[in-house]
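Everything on this sheet refers to the single structure shown next.
In this note's numbering, the protein residues as written are 101 to 474.
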């Protein structure tokens, strides 16, 4: 399982390997007959160039359609003002006990939504217990966190604020008190939620953050390829795509996000080395869910190392081979892992740099709580 949310995961399940031919070399071309008396040396015999890999469009149906522009929710209709407020709150460190941690601290939007660490650093330099997954495209997942304990990005946004290892506020009432103490936020909440008698609530705060996160989409060349632009991938990437399909990776990594839509047990054939994290079983209390995690999306996977819920693998090719070993009980040849990795790199998308630039935040008020390092 590949991955990076304080509580979400990454999984690659491989099936039977079928070698895909990148092309065959043809026979030498015969030269035209020359006069018998000629002593002119024979011209070099040209070879037929390898054929470009051909991907049957019908096989791409498993990936659905290209990425949407956003993942809006009818339960949380967006407005420009709500998105702008959510963007501010995403970067707001005063929503942490020591005023040092924001959503962006662990899910850095300039780094494809991750911090590049095995485990993220929280309050008092404490380390989380799972690798932080990317927030990009997260709104399109079946659920949030590695164990799926939050139904959507709005519900997820409130969790880290009161996690003692992360932002460490004692409760959501404290988060509301912080926001109420900052005049700029009081005014912004009134504009975004004009029908509410008391607009500054944790529900509205997480709704704003969710509206912002639902815009965090990174289209890549693969989306152009899905849309019919056959030259969007080069021959090496097409060969890797065929290897990805023929190997059976799409058993779990299908759909537009190439994952994010189901749960799987990590180590289904060969036991996973780390047996301490019971995964989804901690949520469902069902023994059948032990070591079961949400299958991560492979979007931007080349940029979001280290991999898996436990951040145990640094290199992409090693992660691919680990899945072959633990999900199939076999050793995947280096050449096959390299080929699949070449395709996965085509899933690296374009970060909306102007949209995700850190915004100006309103100044603290006279009653805003001071940082508490304790």
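Yeah, the Cβ is synthetic: ideal placement off N, Cα and C, and Gly gets one too. The model shown is predicted, which means the values in this text are computed figures rather than measured ones.
Give the C-beta separation of residue i and residue j to the nearest angstrom, bearing in mind that I take them to be a contact with Cβ-Cβ under 8 Å.
i, j, result
"residue 169", "residue 317", "6 Å"
"residue 164", "residue 355", "5 Å"
"residue 369", "residue 428", "6 Å"
"residue 393", "residue 247", "7 Å"
"residue 190", "residue 204", "6 Å"
"residue 258", "residue 302", "6 Å"
Taking the alpha-carbon positions, what's the residue i to residue j distance?
i, j, result
"residue 159", "residue 212", "28 Å"
"residue 378", "residue 183", "36 Å"
"residue 410", "residue 231", "6 Å"
"residue 153", "residue 321", "17 Å"
"residue 399", "residue 422", "19 Å"
"residue 219", "residue 397", "19 Å"
"residue 457", "residue 401", "22 Å"
"residue 340", "residue 157", "15 Å"
"residue 199", "residue 266", "12 Å"
"residue 233", "residue 245", "8 Å"
"residue 414", "residue 348", "23 Å"
"residue 436", "residue 162", "21 Å"
"residue 51", "residue 256", "No answer is possible for residue 51: it lies beyond the span of the chain, which begins at 101 and ends at 474."
"residue 406", "residue 328", "32 Å"
"residue 263", "residue 335", "47 Å"
"residue 178", "residue 192", "20 Å"
"residue 188", "residue 330", "40 Å"
"residue 225", "residue 201", "11 Å"
"residue 440", "residue 431", "14 Å"
"residue 274", "residue 357", "36 Å"
"residue 337", "residue 209", "26 Å"
"residue 433", "residue 308", "47 Å"
"residue 217", "residue 385", "29 Å"
"residue 374", "residue 295", "50 Å"
"residue 221", "residue 346", "39 Å"
Buried or exposed: residue i, going by 16 or more other Cβ atoms within 10 Å of its Cβ?
i, result
"residue 236", "buried"
"residue 288", "buried"
"residue 455", "exposed"
"residue 459", "exposed"
"residue 350", "buried"
"residue 424", "buried"
"residue 197", "buried"
"residue 473", "exposed"
"residue 376", "exposed"
"residue 471", "exposed"
"residue 419", "buried"
"residue 297", "exposed"
"residue 271", "exposed"
"residue 306", "buried"
"residue 186", "buried"
"residue 151", "exposed"
Just to confirm before moving on: does the CB-CB distance between residue i and residue j stay below 8 Å?
i, j, result
"residue 293", "residue 304", "yes"
"residue 438", "residue 417", "yes"
"residue 310", "residue 254", "yes"
"residue 285", "residue 462", "yes"
"residue 333", "residue 367", "no"
"residue 243", "residue 251", "yes"
"residue 380", "residue 389", "yes"
"residue 166", "residue 326", "yes"
"residue 344", "residue 443", "yes"
"residue 207", "residue 268", "no"
"residue 173", "residue 315", "no"
"residue 352", "residue 359", "yes"
Can you list, in chain order, the residues of its chain whose CB lies under 6 Å from that of residue i, leaving out five sequence neighbours each side?
i, result
"residue 290", "299"
"residue 412", "none"
"residue 467", "281"
"residue 181", "291 and 292"
"residue 132", "Because the pLDDT of residue 132 is 39, which lies under 50, any placement of that residue in the model is unreliable, and the question is left without a value."
"residue 445", "402"
"residue 261", "195, 267, 269 and 275"
Note down, in chain order, each residue of its chain lying with its Cβ closer than 7 Å to the Cβ of residue i, except the 5 sequence neighbours on either side.
i, result
"residue 465", "281, 282 and 283"
"residue 278", "194, 195, 468 and 469"
"residue 363", "248, 380, 392, 393, 394 and 395"
"residue 382", "247"
"residue 127", "In this prediction, residue 127 scores a pLDDT of 34, lower than 50, which makes its location untrustworthy; the coordinate-derived value is nonetheless stated afterwards. So no residue of the chain qualifies."
Which residues in the same chain as residue i place their Cβ atom closer than 8 Å to its Cβ, once the five residues preceding and following it in sequence are excluded?
i, result
"residue 372", "366, 391 and 426"
"residue 319", "166, 167, 449 and 450"
"residue 241", "108, 357, 360, 361, 394 and 397"
I want to see whether chain C comes within less than 8 Å of residue i, judged by CB atoms only; does it?
i, result
"residue 424", "Chain labels in this structure do not include chain C; a single protein chain is all it has."
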